[in-house]
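Taking the numbering used here, the leading residue of the sequence shown gets 2, the next gets one more, and so forth. Beta carbons: idealized from backbone N, C-alpha and C, even for Gly. Predicted model, so just to flag it, every value in this text is computed and none were measured.
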Amino acid sequence: MSMTIPIGGLILSFLSLDKKGMNRLPFLVMSMFYFFLLIKIPPLGDLYRRYLEIHAYGPGTHFSDIASAHTDILLYVNGWIFQLLNIPFFFIPAFYGGVMCYLLLAAFRNVTLIDSSERENREISSTRLALTYFTVFSALNILNLVLGIRYGTALVFMIYAVTCYFSRSKLRCGVFVLLALLMHFSMVFVSLVFVASLFFKVEKKFVLPLSIFFWLLSSVALRSILPSIGFMGIGDYAMGGYVDGSFSATPNDSNTIMVAIITRSLGLASFVFYLFSKGEVKGFDRFLNLFIPCCFIMSVSYTAMGRYLNIAQYLLAIRICYVYLFSTGVDSARFRLLLRNYLVVFALLSLLIINIYTQRRTLTMGGLWSYAWTSPVFLLNYNEQDFEKYLNDIDYDGYWIKHR
């Protein structure tokens, strides 16, 4: 009976994880939890702009019209197809929210499947398995990623693709890299670093000094490289918006700064745990050790660097969960205990501060608080007229008028 209630199904899904984490059913339950939670999310921020663009499509809109207007067309083609099939827009964020959840958990599972002699014959308790998957689940800042739907989906596609390359299928990796590129052009940078990591190896001890070097190099590097990228005006767009434009500046409101400090502090702590663990996950660590420093090439732009650091933090969360799950590279019980306590703190802060506090307006406006324990039967009692009621309280910039 509890499985008909999203929160009950979510709890049971963690309890039903088997000791090898191979069972996909819990992933589906967690994904459906987010699907039903997000079915009534208000279209704020970027999601509102995507709604306006997709809502403008009509019988006269053709694929060529979409392809000529966007460098990254996946979401727009999805919206166009939904319009042709008369599927309401609100299914799009719900669908992609569920997909993000499933693929991030599957990415962690992929990492646990990477061949490693260090973890052979290791006993894995169900408690340890549940804690690691719960931590990865908590790390997914789902409301923020769904509101910035193209970047959020592309981010998870890319993480999943990287883990597939080393554990499952290179073909699957290629498919999801392509999907990530078609969803958001910023993933070009991630894919280039990924390819470079296959040929160049950076030792863990050089990650920090290399990050500092790239941070110092940032301003010169971006202003030299971006103007030379002429493809569909991407270089000029990035320069005007992310290097010299409004997206380059550091926000000045106290709430944003406080959340940024908490977020980056968690990332820094994860990085420290990673540095002090002695094991290696073949291939995955090569990418991580190169990608972290490369994020700091973007330091001249607050928004651009933040986007890539978010990817690095998801990768680090997966990596330290791997360390705890298999106790690889861990020499002492004290380190293992400290890491366990950190994962608990990480999960709670991610859920309560980053996932809930920062999105309190979205939760309040959409009434999403109650949907965590509402039967899916009632959540699906929703139509376009209900969705359009949100539009009366949202301005053209995608802000809730009450809190503008």
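Closest Cα partner of A108 within the set R169, Y400, F288 = Sequence index remark: in the sequence shown, residue 108 carries index 107 (1-based). Relative to A108, the option among R169, Y400, F288 whose CA is nearest is R169.
Alpha carbon to alpha carbon, how far is R341 from F288?
-> As a position in the sequence shown, residue 341 is number 340, starting the count at 1. As a position in the sequence shown, residue 288 is number 287, starting the count at 1. Roughly 25 Å separates the two Cα atoms.
First through last residue of the alpha helix (DSSP H) which encompasses I321 | Reading the sequence shown from its first residue, position 320 is the one you call residue 321. It spans 303–327 - the alpha helix (DSSP H) in which I321 sits, taken as one unbroken run.
Cβ neighbours of P94 in the same chain (closer than 7 Å, five flanking residues each side left out) = Residue numbering aside, residue 94 sits at position 93 when the sequence shown is read from its first letter. Closer than 7 Å at the Cβ level, and outside the excluded window around P94, lie L39, I42, L48, V147, I150.
Skipping 5 residues on each side, what residues in its chain have a beta carbon closer than 7 Å to that of T264?
-> As a first step, residue 264 is located in the sequence shown; it is residue number 263 there, counting from the start. Excluding sequence neighbours, T264 sits near I355.
Give me the Cα-Cα distance between S220 and L352, rounded to the nearest whole angstrom.
-> Against the sequence shown, residue 220 aligns to sequence position 219. Against the sequence shown, residue 352 aligns to sequence position 351. Each residue's Cα considered, the two are about 35 Å apart.
Reduced DSSP secondary structure (H/G/I, E/B, other) of I88 | The residue given as residue 88 occupies position 87 in the sequence shown. DSSP, read as helix, strand or coil, puts I88 in coil.
Straight-line Cα distance separating H185 from E390 = Taking the first residue of the sequence shown as 1, we reach residue 390 at position 389. Taking the first residue of the sequence shown as 1, we reach residue 185 at position 184. It is Lys, not Glu, that sits at residue 390 in the sequence shown. Their backbone Cα atoms lie some 29 Å apart in a straight line.
Return helix, strand or coil for I42, following the three-state DSSP convention.
-> Along the sequence shown, one-based indexing puts residue 42 at 41. I42: coil per DSSP, three-state reduction.
Does the segment 59–75 come close enough to the segment 124–131 that 3 or more CB-CB pairs lie under 8 Å?
-> The segment 124–131, when compared against the segment 59–75, does not touch it at the 8 Å Cβ threshold.
Do the segment 205–213 and the segment 288–297 meet, that is, are 3 or more Cβ pairs less than 8 Å apart?
-> Taking one beta carbon from each stretch, the segment 205–213 and the segment 288–297 have 3 or more pairs nearer than 8 Å; the two touch.
Same chain, Cβ closer than 7 Å to C165, neighbours up to 5 away in sequence not counted = Counted from its first residue, the sequence shown places residue 165 at position 164. Counting only Cβ-Cβ distances below 7 Å, and skipping sequence neighbours, we find N111, R173, C174, F177.
Endpoints, the alpha helix (DSSP H) within which E389 is located | Along the sequence shown, one-based indexing puts residue 389 at 388. DSSP places E389 inside the alpha helix (DSSP H), whose first and last residues are 385–389.
Just reading off the alpha helix (DSSP H) that A464 is part of, what are its end residues?
-> No statement about residue 464 is possible, as the shown extent of the chain runs from 2 to 405 and does not include it.
Pick from A270, T363, F158: whose alpha carbon is nearest that of Y103?
-> The count along the sequence shown starts at 1 and reaches residue 103 at position 102. Looking at the Cα atoms, F158 is the closest of the given residues.
So which of C296, F64, F201, V137 has the shortest CA-CA distance to V345?
-> Taking the sequence shown and counting its residues from 1, the one referred to as residue 345 is at position 344. The alpha carbon of V345 has as its nearest neighbour, out of C296, F64, F201, V137, the alpha carbon of V137.
Where D396 sits in the DSSP three-state scheme = Numbered from 1 along the sequence shown, position 395 holds the residue referred to as residue 396. Coil, per DSSP.
Evaluate contact between the segment 80–97 and the segment 385–401, counting only Cβ atoms and requiring at least three cross-stretch pairs below 8 Å.
-> A contact between stretches requires three or more CB pairs, one per stretch, nearer than 8 Å, and the segment 80–97 meets this requirement with the segment 385–401.
Check whether the Cβ atoms of N142 and T363 sit closer than 9 Å, and answer yes or no.
-> Along the sequence shown, one-based indexing puts residue 142 at 141. Along the sequence shown, one-based indexing puts residue 363 at 362. Going by beta carbons, N142 and T363 fall outside the 9 Å limit.
Mind checking T5: buried by the 16 CB within 10 Å criterion, or exposed?
-> Here residue 5 refers to the residue found at position 4 when the sequence shown is read from its first residue. For T5, the predicted structure reports a pLDDT of 45, less than 50, and the residue's modelled location is therefore unreliable. The matter cannot be settled from this model.
If we ignore side chains and look at the alpha-carbon of each, how far apart do K403 and D394 end up?
-> For this step, residue 403 is matched to residue 402 along the sequence shown. For this step, residue 394 is matched to residue 393 along the sequence shown. One C-alpha to the other measures close to 7 Å.
Is the beta carbon of W216 less than 9 Å from the beta carbon of S300?
-> Numbered from its first residue, the sequence shown carries residue 216 at position 215. Numbered from its first residue, the sequence shown carries residue 300 at position 299. Contact: yes.
Exposure of F297, with buried meaning 16 or more beta-carbon neighbours within 10 Å | Along the sequence shown, read from residue 1 onward, the residue named residue 297 stands at position 296. Per the 10 Å Cβ criterion, buried.
Under 8 Å by Cβ, that's how I've got Y134 and L156 pegged, so tell me the actual separation to the nearest angstrom.
-> Within the sequence shown, the letter at position 133 stands for residue 134. Within the sequence shown, the letter at position 155 stands for residue 156. Contact between Y134 and L156 does not hold, since the beta-carbon distance rounds to 19 Å and is not under 8 Å.
Alpha-carbon spacing of Y52 relative to Y35, whole angstroms = Walking along the sequence shown from the start, residue 52 turns up at place 51. Walking along the sequence shown from the start, residue 35 turns up at place 34. The alpha-carbon atoms of Y52 and Y35 are separated by roughly 20 Å.
Same chain, Cβ closer than 6 Å to Y152, five either side skipped, listed in chain order | Position 151 of the sequence shown, counting from 1, holds the residue named residue 152. Here the set comprises H185.
Straight-line CA distance for V30 to Y97?
-> Taking the first residue of the sequence shown as 1, we reach residue 30 at position 29. Taking the first residue of the sequence shown as 1, we reach residue 97 at position 96. Per the coordinates, the alpha-carbon of V30 lies some 15 Å from the alpha-carbon of Y97.
Around the C-beta of L183, are 16 or more other C-beta atoms found within 10 angstroms, so that it is buried, or is it exposed?
-> On the sequence shown, position 182 is the one that residue 183 refers to. It is buried - the Cβ of L183 has at least 16 other Cβ atoms within 10 Å.
Evaluate P44 with the Cβ neighbour count: other Cβ atoms within 10 Å of its Cβ, from every protein chain shown; 16 or more gives buried, anything less gives exposed.
-> In the sequence shown, counting from the first residue as 1, residue 44 sits at position 43. Classification for P44: buried.
Can you tell me the Cα-Cα spacing of G268 and A140, whole angstroms?
-> Indexing the sequence shown from 1 puts residue 268 at position 267. Indexing the sequence shown from 1 puts residue 140 at position 139. Cα-Cα distance, rounded: 11 Å.
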